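Just so you know, the sequence shown maps onto residues 10 to 300 in this note's numbering. Report on the structure given below.
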Amino acid sequence: MKIGFIGLGNMGAPMALNLVSASHQVTGYDITTKIPNELNKANSIMECVSDADIVITMLPNGEILKTVADEAINMMKKNTIFLDCSTVDVESSRNVAKLANNAGIGALDAPVSGGISGAAAGTLTFMVGGEEKHFKLAKELFDIMGQKAVLCGPSGSGQSAKICNNMILGATMIATCEAFALADKLNLSREKMYDVVSTSSGYSWSMNSYCPAPGVGPKSPSDNDYIPGFSSTLMLKDLLLSQQAAELVDADTPIGSKATELYKQFVENEDGADKDFSAMLKRFESRGYKS
Ligand code: NAD
10 MKIGFIGLGN
20 MGAPMALNLV
30 SASHQVTGYD
40 ITTKIPNELN
50 KANSIMECVS
60 DADIVITMLP
70 NGEILKTVAD
80 EAINMMKKNT
90 IFLDCSTVDV
100 ESSRNVAKLA
110 NNAGIGALDA
120 PVSGGISGAA
130 AGTLTFMVGG
140 EEKHFKLAKE
150 LFDIMGQKAV
160 LCGPSGSGQS
170 AKICNNMILG
180 ATMIATCEAF
190 ALADKLNLSR
200 EKMYDVVSTS
210 SGYSWSMNSY
220 CPAPGVGPKS
230 PSDNDYIPGF
240 SSTLMLKDLL
250 LSQQAAELVD
260 ADTPIGSKAT
270 ELYKQFVENE
280 DGADKDFSAM
290 LKRFESRGYK
300 S
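What follows is the structure in structure tokens.
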């Protein structure tokens with residue numbers, strides 16, 4: 010396939026390189042980041058998309074996506090696909106899909122989980138919104154860049170799945186961290202706590218696969234001085250998107266709201282911005298019941 014790829018940052022570049030390795034023709038465009046040599050370099054969005062069968066975007070947020078989509082969709086051939094893999098708000102995602110459909114172009118929102126290492130290894134999970142016929146056409150590319158792709162429903166459903174998942178993740182990470190800090194003060198060893206909880210009803214991915222306590226459980230960013238992994242800043246971004254969506258559809262998400270407040274505090278006032286999201290444990294270690 011001829012693929013136009015816009016946004017070649019931490020995630021986009023390795024994803025595009027995997028497509029090249031699978032013998033697809035990829036033309037890349039980015040406003041600041043250097044285009045990897047293995048890709049054809051475009052000097053404008055027009056150059057990147059005008060001959061493409063499918064255009065993939067991997068951009069920072071909904072506003073940038075809308076600006077890029079406005080320009081790209083105008084210049085794409087009919088019956089092609091605009092595939093956005095960024096994590097953005099549900100509304101922007103639906104608006105971009107509408108724009109594409111009105112121009113005779115298919116649209117898929119397909120945010121990912123798996124992070125930078127998953128992007129490099131081609132083991133991402135894609136949560137996809139859009140029509141089945143477009144999903145089927147893009148499936149070959151999902152299989153190269155990832156290990157799993159789930160069609161979740163109509164446009165915006167991929168973003169909905171992503172922010173619901175990450176709202177649970179943020180909340181369970183906080184619960185896991187505060188439980189470790191409580192265990193410390195109760196003189197319960199972290200190893201014993203892990204041993205029990207990881208095989209009891211308090212288990213979760215945060216505890217079992219990404220344990221925030223260094224030296225406990227499988228290797229995770231806590232064992233590497235909390236270098237991300239998945240940064241607290243990105244977690245805050247996803248939690249804010251969950252709260253924006255909750256407000257839009259009048260959903261009651263008190264735990265999601267509290268998790269957002271705590272990560273906001275951690276990122277903005279407690280030196281957490283560049284740390285892995287599991288570094289929340291350090292936040293609780295020094296605090297008491299009344300602080
Ligand atoms: P990044 O900042 O490294 O990359 C974004 C790229 O987009 C940059 O290279 C930037 O120059 C480019 N860009 C910005 N505006 C542009 C424009 N108008 N035209 C062309 N290019 C433009 O970010 P990232 O870590 O690669 O994340 C990309 C998306 O993936 C985000 O939505 C993020 O939330 C999501 N995501 C990231 C991770 C992760 O671990 N990094 C995990 C899952 C999902």
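Ideal Cβ positions, reconstructed from N, Cα and C, are used throughout, including at glycine. Here the structure is a predicted model, which is why all the values come from computation and not from measurement.
Would you check whether the ligand NAD has a heavy atom nearer than 8 Å to the C-beta of residue i?
i	result
residue 121	yes
residue 239	yes
residue 15	yes
residue 69	yes
residue 20	yes
residue 94	yes
residue 42	yes
residue 99	no
residue 243	yes
residue 125	yes
residue 76	yes
residue 246	yes
residue 54	yes
residue 73	yes
Since residue i and residue j should fall inside the 8 Å C-beta cutoff, what is the C-beta to C-beta distance between them, to a whole number of angstroms?
i	j	result
residue 216	residue 185	5 Å
residue 272	residue 245	4 Å
residue 133	residue 127	5 Å
residue 253	residue 93	So it is not a contact: roughly 17 Å between Cβ atoms.
DSSP on residue i, reduced to helix/strand/coil?
i	result
residue 161	strand
residue 298	coil
residue 10	coil
residue 60	coil
residue 225	coil
residue 50	strand
residue 205	helix
residue 79	helix
residue 97	coil
residue 91	strand
Between residue i and the ligand COA, is the CB less than 8 Å from at least one heavy atom?
i	result
residue 39	Ligands in the displayed structure: the ligand NAD; the ligand COA is not one of them.
request  = Determine, using beta-carbon pairs with one atom in the stretch 197-204 and one in the stretch 139-154, whether at least three such pairs fall under 8 Å.
outcome  = No, the stretch 197-204 does not touch the stretch 139-154.
query = Between the stretch 167-182 and the stretch 51-70, do at least 3 Cβ pairs fall closer than 8 Å?
reply = They do not touch, by the three-pair rule.
ask   = Do three or more CB pairs link the stretch 103-122 to the stretch 267-283 at distances below 8 Å?
value = The stretch 103-122 vs the stretch 267-283: no contact.
query = Quick check: the stretch 27-35 against the stretch 44-51, are there 3 or more CB pairs under 8 Å?
reply = Short answer: they touch.
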